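Q: My questions will all concern the structure given below.
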Amino acid sequence: MKKSVLITGAAGFIGSHLSERFLREGFRVLGVDNFLTGREANLQEALKHPDFRFEKADVVRRFDFQNPWGGEWDMVLHFACPASPIDFDQLALEILEVDSKGTLNALEYARTHARGFFVASTSEVYGDPLVHPQKEDYWGNVNPIGFRACYDEAKRFSEAATMVYHRKYGLDTRIVRIFNTYGPR
Numbered sequence: 020m021k022k023s024v025l026i027t028g029a030a031g032f033i034g035s036h037l038s039e040r041f042l043r044e045g046f047r048v049l050g051v052d053n054f055l056t057g058r059e060a061n062l063q064e065a066l067k068h069p070d071f072r073f074e075k076a077d078v079v080r081r082f083d084f085q086n087p088w089g090g091e092w093d094m095v096l097h098f099a100c101p102a103s104p105i106d107f108d109q110l111a112l113e114i115l116e117v118d119s120k121g122t123l124n125a126l127e128y129a130r131t132h133a134r135g136f137f138v139a140s141t142s143e144v145y146g147d148p149l150v151h152p153q154k155e156d157y158w159g160n161v162n163p164i165g166f167r168a169c170y171d172e173a174k175r176f177s178e179a180a181t182m183v184y185h186r187k188y189g190l191d192t193r194i195v196r197i198f199n200t201y202g203p204r
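Residue numbers (the working numbering): 20 to 204.
What follows is the structure in structure tokens.
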């Protein structure tokens, strides 16, 4: 039986590339996005694939998507979040919501519908680091009230919430801190 994944933020830069990669690897993919910053054009290739489905939805609101292929998800991958410095000014509250309420909703959904949960975090959790390169046991040099804090602190919250679900419920979790993404789309 083919494995299946649910990807939030599927119409974003990373989420759309990841959707295509999972499809190439033989997975079934349900992409979820509200198009706040993601673009429908990013899904052009995935939408042509018979093993891709899409739901327009906001993860800040509770959701209960049924796996169209039956059974539980192998993994819920949470990539939903505006990530551009322009967004830090224009979408500060939305960023805080998606990485707090949205992460909690995605975690709770994964706890009851999936074998695992993966959250995309950021190098920004280190703030303005005094140590280079940063190791995983370096906690950073952060400004919790600065201009970028809506993003940095929201991602720190999403990491903390993910670890709480791991410790409290035994949910198989993964956190990746992404540094400086770029490329064509």
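Virtual Cβ for every residue (Gly too), placed ideally from N, Cα, C. In this text, all values refer to a predicted model and were calculated from it rather than measured experimentally.
Is there contact between the stretch 93-112 and the stretch 40-58, where contact requires at least three CB pairs shorter than 8 angstroms?
A: Result yes; three or more Cβ-Cβ pairs closer than 8 angstroms.
Q: In whole angstroms, what is the alpha-carbon distance linking Met182 and Lys174?
A: Roughly 13 angstroms between the two C-alpha positions.
Q: The beta strand (DSSP E) that contains Thr181, what's its start and end?
A: Premise fails: Thr181 lies in the alpha helix (DSSP H), Ala168 to Tyr188, not in any beta strand (DSSP E).
Q: Return the CA-CA distance between Val48 and Arg81, expressed in angstroms with no decimal places.
A: About 20 angstroms.
Q: In terms of residue numbering, what span does the alpha helix (DSSP H) encompassing Arg47 cover?
A: Not the alpha helix (DSSP H): Arg47 falls in the beta strand (DSSP E), residues Arg47 to Asp52.
Q: When DSSP builds the beta bridges, which residues end up paired with Thr192?
A: Its beta-bridge partners are Phe136.
Q: Expressed to the nearest angstrom, what Euclidean distance is found between the alpha-carbon atoms of Leu42 and Gly135?
A: When rounded, the distance between both Cα atoms is 18 angstroms.
Q: For Phe71, which of Leu37, Asp83, Val78 and Asp77 has the nearest alpha-carbon?
A: Per the Cα distances, Leu37.
Q: Determine which residues share a DSSP beta bridge with Thr27 and list them.
A: In the DSSP output, where bridge partners are listed per residue, Thr27 has Val51 and His97.
Q: How far does the beta strand (DSSP E) with Phe73 in it reach, from first residue to last?
A: Here the beta strand (DSSP E) through Phe73 covers Phe71 to Lys75.
Q: Between Arg186, Ala65 and Met94, which has its C-alpha nearest Ala125's C-alpha?
A: With distances taken between Cα atoms, Ala125 lies closest to Met94.
Q: Does the stretch 84-94 come close enough to the stretch 130-149 that 3 or more CB-CB pairs lie under 8 angstroms?
A: Yes, since at least three Cβ pairs between the stretch 130-149 and the stretch 84-94 fall closer than 8 angstroms, the two stretches touch.
Q: Go ahead and label Phe235 buried or exposed: buried means 16 or more other beta carbons lie within 10 angstroms of its beta carbon, across all protein chains shown.
A: Outside the modelled stretch of the chain, which goes from 20 to 204, sits residue 235, for which no answer is possible.
Q: Evaluate the contact criterion for the stretch 134-150 versus the stretch 104-117: three or more CB pairs, one atom per stretch, below 8 angstroms.
A: Output reads no: the stretch 104-117 does not touch the stretch 134-150.
Q: Just grab the DSSP bridge partners of Ile197 for me.
A: Beta-bridge pairing links Ile197 to Thr141.
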